[in-house]
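Scroll down for the structure; my scribbles are underneath it.
Residue numbers (UniProt numbering): 1 to 311.
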């Protein structure tokens with residue numbers, strides 16, 4: 001099937017006539033990966049009673065006259081709902097219908113004035129979890145007594161999901177732009193120091209790896225401590241000590257890109273309230289974690305310009 005255009009997928013509200021499709025789509029994926037539990041049978045067979053009548057919503061993705069996917073918003077209290085029972089027809093997977101459904105149900109939750117949405121899933125459902133994480137969901141502790149198959153719980157708090165996601169997305173964009181350009185630089189050019197006392201491109205990228213190592217610790221530890229006091233690092237000493245000048249250029253690029261892709265995940269996972277925790281580096285005045293995260297990206301871009309990578 002050719003990729004679907006966004007205007008080919010239409011979201012529609014629940015009608016009782018759509019109940020068999022709600023049940024069909026969800027039973028397919030549950031049976032494929034897990035076991036249909038009694039609670040599934042009850043909710044899928046009676047969504048009017050268990051979801052709609054309790055203030056929830058169900059939407060469907062239509063491709064032409066075909067119902068290709070569905071997702072529900074189940075009310076928990078006046079501020080919170082659960083995104084649940086998302087399913088996409090196997091024949092239509094790979095066309096971002098799940099994204100469209102998730103974005104549609106989250107927009108519906110915002111319009112209803114909800115403050116947050118939670119979901120329960122399983123860690124083996126890797127593509128779904130990656131999508132949720134990119135949409136703004138963060139992992140939180142999962143309580144007992146839900147579905148047997150639930151091994152992870154996530155939540156999105158409206159108004160908090162975009163503050164540091166822009167930095168994480170900017171980091172990914174920088175990696176995707178820079179890596180092909182860095183790979184075009186020959187090994188001999190990457191190893192050259194243009195003058196005594198200046199870093200070579202190898203050492204500049206090595207310095208950015210050192211920055212990733214040190215800031216990874218800052219990003220994690222500062223979430224636990226409201227005023228974190230942490231030493232800085234002597235950048236020239238680290239560059240020499242790590243022997244970046246003698247590393248393979250292509251391996252350096254891979255290491256730099258991999259570490260920063262991981263840092264993008266770390267940044268997305270930071271709870272919004274932790275962004276205001278303070279960090280005191282050496283004898284400098286304390287700054288917020290939000291400042292450190294923002295400055296990390298600016299520092300990275302600055303050093304990339306030194307190897308002629310313009311972002």
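C-beta atoms are modelled at their ideal positions from N, C-alpha and C, and glycine is treated no differently.
Residue pairing by DSSP places residue 120 opposite 153 in a beta bridge. Contact between residue 157 and residue 115 holds, since their C-beta atoms are separated by about 7 angstroms, short of 8 angstroms. By the neighbour-count criterion, in which a residue is buried when 16 or more other Cβ atoms sit within 10 angstroms of its Cβ, residue 26 is buried. Between the alpha carbons of residue 276 and residue 269 lies a distance of about 15 angstroms.
Here the segment 235-243 lies against the segment 197-213, with 3 or more beta-carbon pairs under 8 angstroms apart.
Taking a 10 Å sphere around the C-beta of residue 83, we find 16 or more other C-beta atoms and assign the residue as buried. DSSP places residue 60 in the uninterrupted beta strand (DSSP E) bounded by 57-63. Here DSSP, grouped into helix, strand and coil, assigns residue 77 to coil. A direct Cα-to-Cα measurement between residue 8 and residue 63 gives close to 6 angstroms.
Around the beta carbon of residue 201, 16 or more other beta carbons lie within 10 angstroms, which makes this residue buried. Its chain contains 61, 89, 92 and 97 as the residues whose beta carbon lies nearer than 6 angstroms to that of residue 68, once the 5 sequence neighbours on both sides are disregarded; these appear in chain order. Rounded to whole angstroms, residue 138 and residue 308 show a C-alpha spacing of 36 angstroms. Taking C-beta atoms under 8 angstroms as the contact rule, residue 55 and residue 23 fail to qualify, at a distance of about 21 angstroms. When only Cα atoms are considered, residue 32 and residue 20 end up about 18 angstroms apart. Straight across, the Cα-Cα distance linking residue 70 with residue 293 is about 37 angstroms.
When Cβ pairs closer than 8 angstroms are counted between the two stretches, the segment 280-299 is seen not to touch the segment 180-191, the count staying below three.
DSSP places residue 192 outside both helix and strand once states are collapsed to three, so it counts as coil. With distances taken between CA atoms, residue 10 lies nearest to 99 out of 185, 140 and 99. Excluding residues up to 5 positions away in sequence, 204 and 208 lie with their Cβ nearer than 6 angstroms to the Cβ of residue 303 in the same chain. Residue 150 places its beta carbon 9 angstroms or farther from that of residue 132. One Cα belongs to residue 85, the other to residue 108, and the distance between them is close to 16 angstroms. The C-beta of residue 251 has fewer than 16 other C-beta atoms within 10 Å across all chains shown, which makes the residue exposed. Contiguous beta strand (DSSP E) elements confined to the segment 219-254 occur at 227-230, taking only those with 3 or more residues. For residue 138, the enclosing beta strand (DSSP E) begins and ends at 138-140.
Within the same chain, 149 come within 6 angstroms of residue 34 by CB-CB distance, once the 5 residues on both sides are set aside. Setting aside the 5 residues that flank it on each side, residue 52 is surrounded in the same chain by 14 and 58, each with a C-beta closer than 8 angstroms to its C-beta; the list follows chain order. Annotated three-state conformation of residue 12 is strand, per DSSP.
Remark: C-beta atoms of residue 80 and residue 117 approach each other more closely than 9 angstroms. Boundaries of the alpha helix (DSSP H) around residue 108: 97-111.
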